[in-house]
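Asker: Residue numbers (this note's numbering), protein chains in the order written: chain E, 1 to 337; chain Y, 1 to 519. Ideal Cβ placement from N, Cα and C applies to all residues, glycine included. Please read all numbers here as calculations on a predicted model, not as lab measurements. Here it is, the structure in full.
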């Protein structure tokens, strides 16, 4: 045991020395980013930025919600300068908890209205739209629904897929509750179920379900079909939006915010500007198949155009999409989860 | 022995007990920030009743299933002449290395319209999720906790007892029931406690299986509402259930005397010939290993083959592994070093204080890991900022979470060990300290190895504590797997997940091999 103990002491000393060494190396030219988005998506852009500006970025990867809670726990002692979260609800919660600081208006003044945060304390980096995927073989043009509420009709009996346990479906239901109230949302959920909507685990299984002929329509996020299409251009499914302003076209965003007590405000702002530049925006559009927040971007051919998105997306206060408990209660009441 | 315990036993024990107060204090502080009306609404809602029912149902079912797997497994691998015992023993521990979410993905991927079986063989099996999914998922990678505990107890059993029973005309079944099972109770209890508490606090499997239990409600509070105050109330409620479990185990174990008092030498009993039972035994082993190892390996292979990732991903694996193991190893040593005095204190110096100290070690393990991590963030920022986001804090966090894991095997062995050994050492003039080092410690080697293995494997796949406490940029295998799978990049995640299972399996083999050499 004594040997184990002394080994332990040595390990502790090494760790402490390593820590001191590391902190000595940290210059002011280093930004700390807490990223709720995965490394595979973030890293190429970080490397690009570092090369371009000479500013180093330390990234702490994690789950968006967990990092948001961590930031609240750290309060003013956080080492973070920036937080890049996967959904608007998390950004709204941080703004509400007074963890972010106002951004210069120039950053977001030109963004389309659907992307704007009411607080002005975070800015959208990319958009993810809800959309429907359908089979071009089995669905005639006049069968394409105008509204997500149409899907409870006879024409669609037994032909639609959905994923009630999926996170992005649930934030869509939260948005529907905001727009149309709990009662109407519950009616819709029950009517969909009664109309034989098939339950899937997630978005991609619905896309495959349409291709395999199991369903004719699926309620999904915009970036799944393009993943299949970029591997196989003849993949037998298409996607389209509902009529303008329908809640079925909800656009959620990934956003970035400047931490209230950020030490390196100027460099942090430079990074945000870089993410909004056409270089970074093209990368997100082309390789991640998400929507850009500005129009000066090369189009992804497997995606409905940015202009059409702006035309159809409903305006929703994104900061408020945080009542998951209420949504789960509703889904439970409808016996869907 | 009602003597006062020596300082080198008391000191570390009390230190651990004090450290366990950190998460408690944190939870109470957070809980009192809440608005009373909302708390009343949250704590006294009807939903908590069926969350409680679901939680208890899940825990009970997992305990039953893991026992049905681990008890026969441990018996076959210690008491029969089955071939390749060592390899099979390693296979019996490897499932511990499978991260919960990988097991859940594997089970979810089997059935359903797009399940692996539907795509490869055209069979459409029902989807495994909800209650069934959660029970299966949790049982398939937690049963080794029980297996390891039972195995070390069976290996430590004194053959004389059985042989006396046999000579008195007891049937084999009666011997098993009355002698072996009775002797196994402490290790069964230790295993059950560890699995039960794990089940209570787990987010990963229940969240993917969508089975609504307390921990899932806490998870929703953090991840859906970004809230830590009401999550603290739910965590306190969960902790109350966990402590009830810990206390009841303590009550059952109290006053049990399991060490033999007579003279004689501990011997291993003669192994049984399996004879015609060989085939069912192999079928049993086959089913257990196919489900617990085959299934996750199959899903990883499937992800890899469906969309082979850039070979560059494979190059990152060794470095990431080194980071994982580099933090997991010291945590394992520290947890075992802390568990040793606690176990000794509670077994050899029974008193209300010593049992309280021992029970307190379970706090760190019972609290949902995310909550424990937040408590340590809070603690470090309040008192020791220089520790924040250092490897030391991560190791400390893992240690607090796993002391209870390390405690089980050590305590079971101590309970089987005759106090007369130590008394003899005392009367021969050894000080308590030298008795501990020269008499007690050598007996505990096997169980210490078991403790090290348990903690090491826990840390290798641990997520929430790593996410929150690791130094910025210190990505472990588990973190990489999780962030890739959560972006839907299964193929890119697969090599890292496979590395967790493979390297952890190898470490288990090494540890068990070492254990074999010394006996």
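Just the chain E side, please: which residues come within less than 8 Å of residue 489/Y by C-beta, in chain order?
Answerer: Locating residue 489/Y in the second chain gives position 489, where the first residue counts as 1. Simply 38 and 40.
Asker: Could you give the DSSP three-state label for residue 254/E: helix, strand or coil?
Answerer: For this step, residue 254/E is matched to residue 254 along the first chain. It is a strand residue.
Asker: How many angstroms separate the CA atom of residue 230/Y from the CA atom of residue 456/Y?
Answerer: For the purposes of this step, residue 230/Y is taken as the residue at position 230 of the second chain. For the purposes of this step, residue 456/Y is taken as the residue at position 456 of the second chain. The straight-line gap from Cα to Cα measures roughly 32 Å.
Asker: Run through the segment 20 to 107 of chain Y for me and flag every whole alpha helix (DSSP H) of 4 or more residues, listed as ranges in chain order.
Answerer: Those alpha helix (DSSP H) runs which fall completely within the segment 20 to 107 of chain Y and span 4+ residues are 36 to 43, 47 to 79 and 85 to 93.
Asker: Where do the N-terminal and C-terminal ends of the alpha helix (DSSP H) with residue 130/E fall, by residue?
Answerer: Residue mapping note: residue 130/E aligns to position 130 of the first chain, counting from 1. Segment 122 to 134 is the beta strand (DSSP E) holding residue 130/E; no alpha helix (DSSP H) there.
Asker: Taking the C-alpha atoms as reference points, what is the distance between residue 130/Y and residue 506/Y?
Answerer: Along the second chain, one-based indexing puts residue 130/Y at 130. Along the second chain, one-based indexing puts residue 506/Y at 506. Rounded to whole angstroms, residue 130/Y to residue 506/Y spans 33 Å at the Cα level.
Asker: Can you pull the chain Y residues whose beta carbon is under 8 Å from the beta carbon of residue 280/E, in chain order?
Answerer: Here residue 280/E corresponds to residue number 280 of the first chain, with the count starting at 1. Chain Y residues near residue 280/E: none, gap ~17 Å exceeds 8 Å.
Asker: Checking 8 Å against the spacing of the C-beta atoms, do residue 300/Y and residue 498/Y come in under that value?
Answerer: On the second chain, residue 300/Y is found 300 positions in, with the first residue counted as 1. On the second chain, residue 498/Y is found 498 positions in, with the first residue counted as 1. Yes. Within cutoff.
Asker: Give me the Cα-Cα distance between residue 41/E and residue 489/Y, rounded to the nearest whole angstrom.
Answerer: For the purposes of this step, residue 41/E is identified with residue 41 of the first chain, where counting begins at 1. For the purposes of this step, residue 489/Y is identified with residue 489 of the second chain, where counting begins at 1. Distance between the alpha carbons of residue 41/E and residue 489/Y is about 10 Å.
Asker: For residue 135/Y, write down the residues that DSSP places opposite it in a beta bridge.
Answerer: Position 135 of the second chain, counted from the start, is the residue given in the question as residue 135/Y. Answer is none; residue 135/Y lacks a bridge partner.
Asker: If contacts are defined as beta-carbon pairs under 8 Å, then residue 237/E and residue 135/E qualify, I think. What distance do you get, rounded to the angstrom?
Answerer: On the first chain, residue 237/E is found 237 positions in, with the first residue counted as 1. On the first chain, residue 135/E is found 135 positions in, with the first residue counted as 1. At roughly 6 Å, the Cβ-Cβ gap stays under 8 Å, so residue 237/E and residue 135/E are in contact.
Asker: With respect to the alpha helix (DSSP H) encompassing residue 472/Y, which residues constitute its N-terminal and C-terminal limits?
Answerer: Indexing the second chain from 1 puts residue 472/Y at position 472. No alpha helix (DSSP H) holds residue 472/Y; DSSP gives it neither H nor E.
Asker: Given a threshold of 16 other Cβ atoms within 10 Å of its Cβ, counted over all protein chains shown, does residue 76/Y qualify as buried or as exposed?
Answerer: As a working note, residue 76/Y is residue 76 in the second chain. With 16 or more Cβ atoms within 10 Å of its Cβ, residue 76/Y is classed as buried.
Asker: State yes or no: is the beta carbon of residue 226/Y nearer than 8 Å to at least one beta carbon in chain E?
Answerer: Within the second chain, residue 226/Y is the residue found at index 226, counting from 1. Yes, its Cβ sits closer than 8 Å to a Cβ of chain E.
Asker: Can you tell me whether DSSP reads residue 30/E as helix, strand or coil?
Answerer: As a working note, residue 30/E is residue 30 in the first chain. It is a strand residue.
Asker: Per DSSP, residue 208/E is paired with what?
Answerer: For the purposes of this step, residue 208/E is taken as the residue at position 208 of the first chain. Answer by DSSP bridge pairing: none, since residue 208/E is not bridged.
Asker: Roughly how many angstroms lie between the CA atoms of residue 264/E and residue 59/E, to the nearest whole one?
Answerer: As a first step, residue 264/E must be located in the first chain, where it is residue number 264. As a first step, residue 59/E must be located in the first chain, where it is residue number 59. Going from the Cα of residue 264/E to the Cα of residue 59/E covers about 15 Å.
Asker: If the cut-off is 8 Å on Cβ atoms, which residues from the segment 151 to 176 of chain E count as contacting chain Y, listed in chain order?
Answerer: The segment 151 to 176 of chain E vs chain Y, Cβ under 8 Å: 165.
Asker: For the beta strand (DSSP E) containing residue 182/E, list its first residue and its last residue.
Answerer: Looking up residue 182/E in the first chain gives position 182. It is not in any beta strand (DSSP E) - residue 182/E instead sits in the alpha helix (DSSP H) that spans 167 to 194.
Asker: Considering only residues of the same chain and omitting the five flanking positions on each side of residue 320/Y, which have a CB-CB separation below 8 Å?
Answerer: Mapped onto the second chain, residue 320/Y falls at position 320. Closer than 8 Å at Cβ, skipping near neighbours: 475, 476, 477, 480, 496 and 499.
Asker: In or out: residue 212/Y buried (at least 16 other Cβ within 10 Å) or exposed?
Answerer: Here residue 212/Y corresponds to residue number 212 of the second chain, with the count starting at 1. Looking at its Cβ environment, which holds 16 or more other Cβ atoms inside 10 Å, residue 212/Y is buried.
Asker: So if DSSP puts residue 217/E in a beta bridge, which residue, or which two residues, is it bridged to?
Answerer: Sequence index remark: in the first chain, residue 217/E carries index 217 (1-based). The partner list for residue 217/E (beta bridge, DSSP) reads 134/E and 160/E.
Asker: To the nearest angstrom, report how far apart residue 122/Y and residue 280/E are at their CA atoms.
Answerer: For this step, residue 122/Y is matched to residue 122 along the second chain. For this step, residue 280/E is matched to residue 280 along the first chain. Cα to Cα, residue 122/Y sits roughly 43 Å from residue 280/E.
Asker: When burial is assigned at 16 or more other CB atoms within 10 Å of the CB, is residue 44/E buried or exposed?
Answerer: By 1-based counting over the first chain, the position of residue 44/E is 44. Flag for residue 44/E reads exposed.
Asker: Would DSSP call residue 361/Y helix, strand or coil?
Answerer: The residue labelled residue 361/Y in the question sits at position 361 within the second chain. Residue 361/Y falls in the coil class under three-state DSSP.
Asker: Could you check the C-alpha separation between residue 134/Y and residue 328/Y for me, to the nearest Å?
Answerer: Position 134 of the second chain, counting from 1, holds the residue named residue 134/Y. Position 328 of the second chain, counting from 1, holds the residue named residue 328/Y. Taking the straight line from one Cα to the other gives about 27 Å.
Asker: Have a look at residue 159/Y and residue 151/Y and give me their C-alpha separation to the nearest angstrom.
Answerer: Here residue 159/Y refers to the residue found at position 159 when the second chain is read from its first residue. Here residue 151/Y refers to the residue found at position 151 when the second chain is read from its first residue. So the two alpha carbons sit approximately 15 Å from each other.
Asker: Assign residue 89/E to buried or exposed, taking buried as 16 or more other Cβ atoms, counted over all protein chains shown, within 10 Å of its Cβ.
Answerer: Numbered from 1 along the first chain, position 89 holds the residue referred to as residue 89/E. The residue is buried, with at least 16 neighbouring Cβ atoms inside 10 Å.
Asker: Could you pull out every residue in the same chain whose Cβ sits closer than 7 Å to the Cβ of residue 202/Y, ignoring the five residues on either side in sequence?
Answerer: Mapped onto the second chain, residue 202/Y falls at position 202. Cβ within range, chain order: 100, 138 and 215.
Asker: With a threshold of 16 other CB atoms inside 10 Å of the CB of residue 368/Y, please say whether the residue is buried or exposed.
Answerer: Translated into the one-based positions of the second chain, residue 368/Y becomes position 368. It counts as buried.
Asker: Starting from the beta carbon of residue 69/E, find every residue of chain Y whose beta carbon is closer than 9 Å, and list them in chain order.
Answerer: As a first step, residue 69/E must be located in the first chain, where it is residue number 69. Per Cβ cutoff of 9 Å: 222, 223, 226, 227, 228, 231, 370, 374 and 468.
Asker: Indicate the three-state DSSP secondary structure (helix, strand or coil) for residue 61/E in the structure shown.
Answerer: Mapped onto the first chain, residue 61/E falls at position 61. Strand at residue 61/E.
Asker: Can you name the start and end residues of the beta strand (DSSP E) that residue 277/Y belongs to?
Answerer: As a first step, residue 277/Y is located in the second chain; it is residue number 277 there, counting from the start. Careful: residue 277/Y lies outside any beta strand (DSSP E) and carries neither H nor E.
Asker: In chain order, what residues of the same chain have a beta carbon less than 7 Å from the beta carbon of residue 333/E, not counting five sequence neighbours either side?
Answerer: Residue numbering aside, residue 333/E sits at position 333 when the first chain is read from its first letter. So the list reads 186, once near-sequence residues are dropped.
Asker: Below 8 Å, can you find three or more Cβ-Cβ pairs linking the segment 287 to 303 of chain E to the segment 153 to 171 of chain E?
Answerer: Touching, no.
Asker: Out of 109/E, 191/E and 67/E, which one is the CA nearest neighbour of residue 472/Y?
Answerer: In the second chain, counting from the first residue as 1, residue 472/Y sits at position 472. Ranking 109/E, 191/E and 67/E by Cα distance to residue 472/Y puts 67/E first.
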